[in-house]
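Notes follow the structure.
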Amino acid sequence: MKLKFTLLKLVGIIILCCGTKVHCQSPAGYDLWLPYKKVEDLQLLEQYKQATRSIYFQKNSQILKVAQAELKKGLSSMLNQTPNFTASSLTSNSIIIAKKSALEQDIVKMVKADYDQIGPEGFLIKAIQLKDKKVLVLTAKEDIGILYGVFRLLRLMQSHKTLNSINLVDTPKIALRLLNHWDNLDRTVERGYAGFSLWNWQKLPEYIDQRYIDYARANASIGINAVSLTNVNANALILTPMYLEKVEALANVFRPYGIKVYLTARFSAPIEIGGLNTADPLNVEVQQWWENKANEIYSRIPDFGGFLVKANSEGQPGPQNYGRNHVDGANMMARALQPFNGNVIWRAFVYSEYDDTDRAKQAYDEFIPYDGKFLNNVLVQTKNGAIDFQPREPFHPMFGAMPKTPLIIEFQITQEYLGFSTHLVFLPKLFEEVLNSDTYRKGEGSTVAKVVDGSLDEKKITGMAGVANIGTDLNWTGHPFAQANWYGFGRLAWDPYLSSETIAEEWLQATYSNNPKFVEPAKKMMITSREAVVNYMNPLGLHHIFDTGHHYGPGPWVNELSRPEWNPTYYHQADENGIGFDRTFSGSKATEQYAEPLRLQFNDPNTCPEEYLLWFHHLPWDYTLKNDRTLWEGIALKYQEGVDQVAFMSNTWDNLKTYISKEQYEEVRMLLEIQLKEAKWWRDACLLYFQTYSKKELPEGVEKPTQTLEYFKSLKFPFAPGIRPKWD
Ligand code: GCW
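Throughout, my numbering is defined as the position within the sequence shown, counted from one, plus 5.
Right under this line is the structure:
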């Protein structure tokens, strides 16, 4: 009864908050990083009040209206006063927010040099002295730049930065900043751990859930400008008129926030919903079908982004079903979208059921020969690593080998292999590691970030995609700290050179508190969290040893699945002689896919970074590590270190109790308790299993398991969340 009442109360709160007129407190976490907490520092409060005394805001478009409403919301809440908007741009204002055409000539002159630096979607925020007045000018070349500038200004204030002498030009370094939802039409979410899909297809197009607007706003606040609504394991029905009408309604909601809609296109759609008997990309009727479909979509959604396609991968249909290749398939769709400036995003996550080559090599082998053969509006979307979103993988070798093809990097924000939404893992640390990796394609300094932002090869279209971790949970992402991964993805898509520490700090200040006594330790906890998960799940280059299907918890013993590369035993190759996957010149030769000097460096266990050791090498249990420990001891100690790191995180959080609300504290405390329990589960299950091969005692310092291997093997989770439907 009590629970029911609490739920009703929460629902009530949300409903109240939906009406913009009612001022009320959202349930914990619903506001994400945008709660616009009142500025408590009195001196700063005074400075901000002065600086925002009277505001001219140009608002002659939908986007600018949204921007003005945001400014009003932010200032009212942080400064506790209703902002005073004036009707003319006369320079008696203390803030002027407008595009160049609406700026006074003397202001234009003063900001000209900086104005010229603003790129597409970028903005300028500059404090100028105009006669005896201080004026803050926020300007941009496009409406969307103004909206991004407003969000930035508010964030600067939320993190207590002084505005007195601000001079900030910022332009996104990547053009397409895209969320991929793996949402099914029945509202389940593949690999989703935060409830159901936000898209309520049954009630669309008439019913516009306030969440759609709040979602778009949150995305715009971090610069995300595109969303693909549906699962890459696609259902062709999304392309039928009944669903397109609903997609159109969502596109209309997202447009004022600068967000374009993409859809996943099932390759066999011409058969399934078009009545054709083939989907062969060289068949004229099939080509015509896609052209008609593009016409139909653009007549509803003139700024439709395009199609995201998973083809010939894990049972999805594709051009190879007709003896054609990826270029035939992608270019056929690209031709249909070209007249409307639409893109085809073609995924490179492929591995074949008929190919027994090392899975880590297959995408590279399949795609590299096609470099330069795709049409201009085809972008190839490549996961950050060559296997599959593991806690740690070396960067995907394709990033060092496709100079003529726009490569979008795909990160997974949802934590399929990182403890679902139960574990606190700050992913920008992982993203940063990949982006900073050097491909050496054009010598030292040819980082993945430079490949992705197009600067290495002067690519015109650039993109970064993140598989969303968003669902209907009250706080959107399940774990409150998983919000930081959505936030961090957006920030890195905007600027792939940002440091994860900066991102953690920004997020903590906006979400929780400005108090350095809170921020510093909490930041340390976040930064530690990524290495912790690597240590307690997959240390020293181990990978894909997750229990099968759902990927919840350890399953290094699983070896009975029909395809070899579905079995963890395929990846760790543990036996009496040692452990690890031999990808050297005498093994699968995957090291050859990297440029020199990486190729040789990875190939030799003495020069291979230890964090990738067992990714590239099969080594004896008594192989000596850099710290003089044997490999067996090293593995065991890493597992223990992972557990210790979670204990450290948990203690850190306990010490931060006084800086946050009880609710905020308790929520994360309980989750950390589960994380600690599960870190121990990983350690004990993996070490007991590997010990059956190493036949060695656990080294000193590693806690003894409290359960047997048989017990761990007996654990089954038929209802673990996010399971994907069987595909063959
Ligand atoms: O890692 C696998 C996931 C699948 C996913 C696939 C992909 C959408 O387990 O659930 O399918 O990757 O990225 O296509």
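The C-beta atom is built at its ideal place from N, Cα and C for all residues, glycine as well.
Remark: three or more beta-carbon pairs, one from each stretch, lie closer than 8 Å, so the segment 680–695 and the segment 640–648 are flagged as touching. Placement of the Cβ of E672 at a distance of 7 Å or more from every heavy atom of the ligand GCW is found. By the Cβ rule, the segment 158–174 counts as touching the segment 129–138, because three or more pairs are nearer than 8 Å.
Using a Cβ distance threshold of 8 Å, W206 and E195 do not count as a contacting pair. Of the candidates D633, D111, G228 and A180, G228 places its Cα closest to the Cα of F156. Residue burial annotation: F724 is exposed, with fewer than 16 other C-beta atoms found within 10 angstroms of its C-beta.
One Cα belongs to Y422, the other to K434, and the distance between them is close to 15 Å. Remark: the shortest separation between the CB of E195 and any heavy atom of the ligand GCW falls under 7 Å. Setting aside the 5 residues that flank it on each side, L605 has no residue in the same chain whose C-beta is closer than 6 Å to its C-beta. Out of N346, E277, E319 and G320, the CA that lies nearest to the CA of P307 is found in N346. Taking non-hydrogen atoms of the ligand GCW into account, the C-beta of D609 is found less than 7 Å away from none of them.
Approximately 11 Å separates the beta-carbon atoms of T245 and L268; this is outside 8 Å, ruling out the contact. V291 sits close to P275, with the two beta carbons spaced by under 8 Å. Excluding five sequence positions before and after H484, the CB atoms of its chain that fall closer than 7 Å to its own CB belong to S426, T427, L429 and L676, given in chain order. In this structure, A487 lies away from M469, with their beta-carbon atoms at least 8 Å apart.
Residue side-chain check: N540 keeps its Cβ at 7 Å or more from all non-hydrogen atoms of the ligand GCW. Taking all protein chains shown into account, P125 has fewer than 16 neighbouring C-beta atoms within 10 Å of its C-beta and is therefore exposed.
L47 and K146 have their C-alpha atoms roughly 35 Å apart. When distances are taken from the beta-carbon of E371 to the heavy atoms of the ligand GCW, even the shortest one reaches 7 Å or more.
For Q712, no alpha helix (DSSP H) segment is defined, and its DSSP state is neither H nor E. For the pair of segments examined, the segment 443–454 was found not to touch the segment 539–553: the number of CB pairs separated by less than 8 Å stays below three. Residue environment: N656 is assigned as exposed (fewer than 16 neighbouring CB atoms within 10 Å of its CB, all protein chains considered). Proximity to I350 across L380, K378 and L313 peaks at L313, based on C-alpha coordinates. Of all C-beta pairs linking the segment 317–325 to the segment 381–389, fewer than three are shorter than 8 Å, placing the two stretches out of contact. A residue is called buried once 16 or more other Cβ atoms fall within 10 Å of its Cβ, and Q215, having fewer, is exposed.
The closest CA to that of K662, considering only D333, E358, F404 and N520, is found on N520. Scanning L642, G727 and K721 for the CA closest to the CA of L692 turns up L642. Bridge partners of P625 according to DSSP: G583.
Of all alpha-carbon atoms in I60, L168 and S106, the one lying nearest the alpha-carbon of L49 is that of L168. Counting only the Cα atoms, L566 lies some 20 Å from F354. Judged by their CB atoms, L479 and G34 are nearer to each other than the 8 Å cut-off.
Not one heavy atom of the ligand GCW lies closer than 7 Å to the C-beta of V314. K138 is bridged by DSSP to L135. Assigned with DSSP and collapsed to three states, A270 falls in coil, not helix or strand. The C-beta separation of L159 from G79 comes to about 4 Å, placing the pair in contact by the 8 Å criterion. Linking R58 to K42 through their CA atoms gives a straight-line distance of about 19 Å.
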